[in-house]
Amino acid sequence: MATVSLRKVKKQYENGFAAVHGIDLEVREGEFMVFVGPSGCAKSTTLRMIAGLEEVSGGEIHIGNRVVNTLAPKDRGIAMVFQNYALYPHKTVFDNMAFGLKMQKKPKQEIDKRVREAAEKLEITDLLDRKPKEMSGGQRQRVAVGRAIVRKPEVFLFDEPLSNLDAKLRVSMRVKIAQLHQSLKEEGNPATMIYVTHDQTEALTLGDRICVLNQGNIMQVDTPTNLYNAPQNKFVASFIGSPAMNLVETALGQHDDDIFVEIAPNVRIYIPKEKQTLLASHINEAVYFGIRPEHISIASDDDTVNTVAGELTVVENMGNEKYLYFKVDGKELIARTTAQDITTSDIGRSFRFKLDTHYCHIFDFQTEENLVI
Numbered sequence: 015m016a017t018v019s020l021r022k023v024k025k026q027y028e029n030g031f032a033a034v035h036g037i038d039l040e041v042r043e044g045e046f047m048v049f050v051g052p053s054g055c056a057k058s059t060t061l062r063m064i065a066g067l068e069e070v071s072g073g074e075i076h077i078g079n080r081v082v083n084t085l086a087p088k089d090r091g092i093a094m095v096f097q098n099y100a101l102y103p104h105k106t107v108f109d110n111m112a113f114g115l116k117m118q119k120k121p122k123q124e125i126d127k128r129v130r131e132a133a134e135k136l137e138i139t140d141l142l143d144r145k146p147k148e149m150s151g152g153q154r155q156r157v158a159v160g161r162a163i164v165r166k167p168e169v170f171l172f173d174e175p176l177s178n179l180d181a182k183l184r185v186s187m188r189v190k191i192a193q194l195h196q197s198l199k200e201e202g203n204p205a206t207m208i209y210v211t212h213d214q215t216e217a218l219t220l221g222d223r224i225c226v227l228n229q230g231n232i233m234q235v236d237t238p239t240n241l242y243n244a245p246q247n248k249f250v251a252s253f254i255g256s257p258a259m260n261l262v263e264t265a266l267g268q269h270d271d272d273i274f275v276e277i278a279p280n281v282r283i284y285i286p287k288e289k290q291t292l293l294a295s296h297i298n299e300a301v302y303f304g305i306r307p308e309h310i311s312i313a314s315d316d317d318t319v320n321t322v323a324g325e326l327t328v329v330e331n332m333g334n335e336k337y338l339y340f341k342v343d344g345k346e347l348i349a350r351t352t353a354q355d356i357t358t359s360d361i362g363r364s365f366r367f368k369l370d371t372h373y374c375h376i377f378d379f380q381t382e383e384n385l386v387i
């Protein structure tokens, strides 16, 4: 296992397009780091530079105590799992998994032992004599992961490995990869893993830490919990979470000692005292008010503060909970609730909603930085 360090790493193509803008990142030994972001944010490009499949335009990449910028992929101590499996169609599962070891001229007995140990971990022992065309997508992806395991690399790199699988298979493979990382740790052989995905559910469930990228820049590197509860900027707040955080363009006002935002004409939402000291220098400035759907609920008769009236426009039934879309002065908000008595027949009706502002966020309109963390 090894650390991976990116120091002022850049990627610029011959046509002048700058894909990666001098990013710095430290991946710890044995850590499961996830790169996540929208299409075109350079997460796969960054991974491929670490692998040696893309040339670095500037900066340094360190794997362990070596600068690897000029090293060939085979000399970097990495193993990569691709989106399209990249298996040899004419070889059996055993031969696909053993291929890299044979090229390294490992003893036959050692090859057999490593392949069978990896197959057992991934529950594909009964597939060792099959060829790729005889297997499902999920089985083929497990073979691709197994091929990486047998090499015992310093660093595992995963480039959207589950995106070709259906939803059910994605979940089961996600669990398998998480179990693999944990089992290697328990065996005393913790593996450093870097995993690229556009699926935030994969990111939040797999990552020890997550690196959120946008347009070739790192927006935040943090634990899944901190990304969700303490986003450093509006981009992370809007990207992480499903349904997305509610964001309303407004301004900070003050009445006596209370700071508030107006999310509609004469509809004031008051900011909790513990957040007000961080906002005192921003009174009358434009901001974005943010609140997650689970912190909006149907108001009770006793709720008189921080409530809004909204017209219900959509009801999404998710089984144990519902997403209620409603409009306040033309602005659409979403509440996430377990209230089972509201159905699609209520669309068009007006309801009172309570906003729990202890969990709200205020983002500067210009910088989009979070002002209350």
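Here the sequence shown stands for residues 15 to 387, numbered as in our numbering. Where is the CB? At the ideal position from N, CA and C, for every residue including glycine.
* Asked: Is there contact between the region 122-133 and the region 168-176, where contact requires at least three CB pairs shorter than 8 Å?
  -> no
* To do: Please determine, among Lys-88, His-104, Tyr-373, the residue with the shortest C-alpha to C-alpha distance to Leu-115.
  => Lys-88
* Please report the residue range of the alpha helix (DSSP H) in which Tyr-284 lies. => Tyr-284 -> not in any alpha helix (DSSP H); beta strand (DSSP E) instead, spanning 281-284.
* Please state whether DSSP places Met-94 in a helix, a strand or coil. => strand
* **Coarse secondary structure for Ile-224, derived from DSSP in three states** => strand
* **Simplified DSSP state of Leu-101, which is helix, strand or coil** => coil
* Burial state of Ser-58, where buried means 16 or more other Cβ atoms lie within 10 Å -> buried
* Three or more C-beta pairs below 8 Å linking the region 85-100 and the region 42-51 -> no
* Measure the beta-carbon distance from Ile-277 to Val-301 and round it to whole angstroms, keeping in mind my assumption that it falls under 8 Å. => Not quite, the Cβ-Cβ distance comes to about 11 Å (not below 8 Å), so this is no contact.
* Asked: Under a Cβ-count criterion, where at least 16 other Cβ atoms within 10 Å of its own Cβ denotes burial, should Val-247 be classed as buried or exposed?
  -> Residue identity check: residue 247 is Asn in the sequence provided, not Val. Its Cβ being crowded by 16 or more others within 10 Å, Asn-247 is buried.
* **Per-residue burial, Thr-84 [other beta carbons within 10 Å of its own, 16 or more giving buried]** => exposed
* **Distance cut-off 6 Å: Thr-237 Cβ against heavy atoms of the ligand ATP** => Although the ligand ATP was asked about, the structure shown includes no ligands whatsoever.
* Asked: Expressed to the nearest angstrom, what Euclidean distance is found between the alpha-carbon atoms of Ala-93 and Ile-387?
  -> 38 Å
* Asked: Since Thr-351 and Val-329 are thought to touch, with beta carbons under 8 Å apart, how far apart are those beta carbons, to the nearest angstrom?
  -> Contact doesn't hold; Cβ gap of about 10 Å is too wide.
* For my contact list, Val-159 and Leu-136 are in at a C-beta cut-off of 8 Å; report their separation, rounded to the angstrom. => 6 Å
* Asked: Between the C-alpha atoms of Pro-307 and Gln-380, what's the straight-line distance to the nearest angstrom?
  -> 24 Å
* **Span separating the alpha-carbon of Met-233 from that of Val-250** => 7 Å
* Validate contact between the region 303-319 and the region 363-371 using beta carbons, cut 8 Å, 3 pairs -> yes
* State yes or no: is the C-beta of Ile-224 within less than 7 Å of the C-beta of Ala-217? => yes
* Asked: Cβ atoms of Val-275 and Thr-264: under 7 Å apart, would you say?
  -> yes
* Close-in-space but distant-in-sequence residues of the same chain around Ser-295 (CB under 8 Å, 5 per side omitted) -> none
* Nearest candidate by alpha-carbon position, reference Ala-162, set Thr-318, Ile-285, Leu-194 -> Leu-194
* **Collapsed DSSP secondary structure at Glu-382 in the structure displayed** => coil
* Of the residues Ile-37, Lys-166, Glu-124, which one's Cα is nearest the Cα of Lys-22? -> Ile-37
* In chain order, which continuous runs of the beta strand (DSSP E) of length 3 or greater are located wholly inside the region 283-344? -> 300-305, 310-312, 321-331, 336-342
* Local Cβ density within 10 Å of Thr-239, reported as buried at 16 or more and exposed below that -> exposed
* To do: Could you check what DSSP says for Ala-32 in three-state terms: helix, strand or coil?
  => strand
* Please name the residue in Tyr-337, Lys-289, Ile-283, Leu-293 whose C-alpha comes closest to that of Val-391. => There is no way to answer for residue 391, as the model of the chain reaches only from 15 to 387.
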